[in-house]
Amino acid sequence: MSEYSLISLGGVEARRRRQPALAPDERRAALIAATIPLVHEHGIEVSTRQIAHAAGVAEGTIFGVFQNKSELVVCSVLQALDPQPTLDALAAIDRSADLRSRVTEAAEIVYARMAEHAQLFHAARRLIFANEENPEARERMAASRAGLLDAVTAVLEPDAHRLRIPAAQAARVLLLYCGATNFGPYADDSFSGADLASLLLDGILLSDSGEQSKC
1 MSEYSLISLG GVEARRRRQP ALAPDERRAA LIAATIPLVH EHGIEVSTRQ IAHAAGVAEG
61 TIFGVFQNKS ELVVCSVLQA LDPQPTLDAL AAIDRSADLR SRVTEAAEIV YARMAEHAQL
121 FHAARRLIFA NEENPEARER MAASRAGLLD AVTAVLEPDA HRLRIPAAQA ARVLLLYCGA
181 TNFGPYADDS FSGADLASLL LDGILLSDSG EQSKC
């Protein structure tokens, strides 16, 4: 064996010694962490080879802790779409601020979430909601949606008596608009929370005086 081969083998062995085996839960977490940015970039078409390369492991390692690629991608999507940071941001909106300011801030928070995770929402629809083999994942996603609706409704509730429709219905309209702006055929990147607040609170019809109402 040549000196070069011995050096190369020595280097491989050294790298192996520097990478101790992880416990299954730690390995799962590491693979999920490596998969999330790849799903952002490639969607559900990401390959196990790409995931293994990003995680720095052999491709077969994936199947030691996940049944298949689909399970790994679903787990990654669910973790990445954890709504808690968004719920916390909505809960932190000052309820003593005027309604227009609160709606503007809520709209910006919701839009930012949907814009950041657009590819993951597409993946969720294809892998979770369209697949009856993932009932637990569908329940988690449904709970996430319900929690987001409740959080936006809570932002509007202090002025519910001033609204022509229930606060929950207004919150749903806000969520639908933010979603369509990201995923619909007329989506673009010109979103403005203030514009959405004006649309929700003022509508598109000028008042008799030719001025929009102020909230």
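Using full-length UniProt numbering, you'd call the opening residue of the sequence shown number 1 and step up by one each time.
Where is the CB? At the ideal position from N, CA and C, for every residue including glycine.
Contact between L78 and A55 fails: their C-beta atoms lie close to 18 Å from each other, not under 8 Å. Y111 sits buried, since 16 or more C-beta atoms from the chains shown fall within 10 Å of its C-beta.
Comparing C-alpha distances from A143 to each of S70, L81, R27, E41 shows the shortest one belongs to L81.
Under the DSSP assignment, I93 falls outside any alpha helix (DSSP H); it carries neither an H nor an E label.
The alpha-carbon of A151 is positioned some 6 Å away from that of L90.
For A115, same chain residues with a beta-carbon under 7 Å away, outside a window of 5 residues either side, are N182 in chain order.
Contact between H122 and G43 holds, since their C-beta atoms are separated by about 6 Å, short of 8 Å. In the structure shown, S198 adopts helical secondary structure according to DSSP, grouped into three states.
Contact between L72 and T35 holds, with the beta-carbon distance rounding to 6 Å and staying under 8 Å.
Secondary structure note for N182: its alpha helix (DSSP H) is the uninterrupted segment 167 to 183. Collapsing the DSSP output to three states places H117 in coil. Per the coordinates, the alpha-carbon of S47 lies some 29 Å from the alpha-carbon of Q84.
A check of alpha carbon separations from A118 across A167, L99, D189 identifies D189 as the nearest.
Put simply, the backbone Cα of A171 is about 8 Å away from that of L156. The straight-line gap separating the alpha-carbon atoms of A29 and E136 is approximately 19 Å. When C-alpha distances from D25 are compared across A58, G64, V39, L38, the shortest belongs to G64. Within the same chain, Cβ atoms closer than 7 Å to the Cβ of A124 are found at V77, L81, M141, the five residues on either side in sequence being excluded. With 16 or more other Cβ atoms inside 10 Å of its own Cβ, N134 counts as buried.
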